[in-house]
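Q:
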Amino acid sequence: MQTLPKSRLLQFVEEAFQLAQRTVARYSSKFSKQRYTIHQHIVLLCLKVRKNTTYRSLLDELIEMARIRKAINLTELPSPSTLCKAFDRLDMAVWRVLLNLSVSLLPTNSVAGIDASGFARSHASKHYTKRAKLTVQQLKVTLLVDTRANAILDLHVTTTRKHDTQIAPSLINRNAAEIGVLLGDKGYDDQQVRAIARENSIRPLIKHREFSSLQKAWNARLDTELYGQRSQSETVNSRLKRKYGAFVRSRRWWKQFRELALTCIVHNLDRAI
Numbered sequence: 225m226q227t228l229p230k231s232r233l234l235q236f237v238e239e240a241f242q243l244a245q246r247t248v249a250r251y252s253s254k255f256s257k258q259r260y261t262i263h264q265h266i267v268l269l270c271l272k273v274r275k276n277t278t279y280r281s282l283l284d285e286l287i288e289m290a291r292i293r294k295a296i297n298l299t300e301l302p303s304p305s306t307l308c309k310a311f312d313r314l315d316m317a318v319w320r321v322l323l324n325l326s327v328s329l330l331p332t333n334s335v336a337g338i339d340a341s342g343f344a345r346s347h348a349s350k351h352y353t354k355r356a357k358l359t360v361q362q363l364k365v366t367l368l369v370d371t372r373a374n375a376i377l378d379l380h381v382t383t384t385r386k387h388d389t390q391i392a393p394s395l396i397n398r399n400a401a402e403i404g405v406l407l408g409d410k411g412y413d414d415q416q417v418r419a420i421a422r423e424n425s426i427r428p429l430i431k432h433r434e435f436s437s438l439q440k441a442w443n444a445r446l447d448t449e450l451y452g453q454r455s456q457s458e459t460v461n462s463r464l465k466r467k468y469g470a471f472v473r474s475r476r477w478w479k480q481f482r483e484l485a486l487t488c489i490v491h492n493l494d495r496a497i
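Numbered according to my numbering, the sequence shown spans residues 225 to 497.
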């Protein structure tokens, strides 16, 4: 009997499963029911984001996905509430470790672009958001993107109107070992940002806001070919919204942050296969 080739979905599941096994233990406690492993929960949560669907719809599709279930040793499907509770229990630190490991699957080149975009906090109607008093209706998501593989190295999420120059330092400091060149638009034009980059042995290629002839001259001297790679950051932001949705489904802010980190992991896994 001829063996069927692996689909991209199956390859995705296998990569996610291996990543989860490298990150966390099988069970959260020796006293847990041990009905499902944390690895299985992580893969199912990744699948939910990749398919841009709900818990209930995903589990309904999994009934017909025998090869997918076999790949993660899933003999019995969990309930939607079980998956939802698993997502609540998994701390943001776990998703950050998974994100770092997912980057290692891709051939990066140490040239990173930084760019921010907005994600809607709910796909509900404007009437609902007004009634529920969701005053800040968008999350500001800043991505640090490798320009060679379009891998997302890191992210920063905020519910406030924090300026780009206030966000960049933490991303630079956290990822100094992986960045050789930092590309940014005029929104990151700040001497402190440039100083922090240089302190970490990073070459900042950030456009100046043009208030004088000197600043215009500095912009004219930028390495245009290298700086042109900054557009990859915008491409990745656009891809996330087109493929996985321009909004977050979670209601609470801390779950929304985790959901976006999970989306970045899924993006990297998709790029890896």
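From the three backbone atoms N, C-alpha and C, an ideal C-beta is built for every residue, glycine too.
The structure displayed is predicted, hence computed values, not measured ones.
State the DSSP-derived secondary structure class of R475, mapped to helix, strand or coil.
A: coil
Q: Which of the three DSSP states, helix, strand or coil, is assigned to S231?
A: Here S231 carries a coil assignment [DSSP, helix/strand/coil].
Q: Are there 16 or more other CB atoms within 10 angstroms of the CB of E288, so buried, or fewer, so exposed?
A: Exposed.
Q: Between the segment 362–376 and the segment 302–310, are three or more C-beta pairs nearer than 8 Å?
A: A contact between stretches requires three or more CB pairs, one per stretch, nearer than 8 Å, and the segment 362–376 fails this requirement with the segment 302–310.
Q: In whole angstroms, what is the alpha-carbon distance linking W319 and L407?
A: For W319 and L407, the gap between their C-alpha atoms comes out near 25 Å.
Q: Under 6 Å Cβ to Cβ from R482, same chain only, skipping five residues before and after it: list those, please.
A: Closer than 6 Å at Cβ, skipping near neighbours: M316, W319.
Q: Would you mind stating whether G404 and I426 have Cβ atoms separated by less than 8 Å?
A: yes
Q: Is the number of C-beta pairs between the segment 264–280 and the segment 451–470 that are closer than 8 Å three or more?
A: Three or more beta-carbon pairs drawn from the segment 264–280 and the segment 451–470 are found closer than 8 Å, and the two stretches are therefore classed as touching.
Q: I need the straight-line Cα distance from A336 to I489, nearest angstrom please.
A: 17 Å
Q: Can you grab the Cα-Cα spacing for the pair I396 / V417, in whole Å?
A: 9 Å
Q: Between D414 and T389, how many whole angstroms is the CB-CB distance? I'm expecting something under 8 Å.
A: 4 Å
Q: The beta strand (DSSP E) with H387 in it runs from where to where?
A: Here H387 belongs to no beta strand (DSSP E), and DSSP marks it neither H nor E.
Q: Please name the residue or residues paired with G337 in a DSSP beta bridge.
A: V369, L407
Q: May I have the straight-line CA-CA distance separating F311 from S256, to the nearest angstrom?
A: 16 Å
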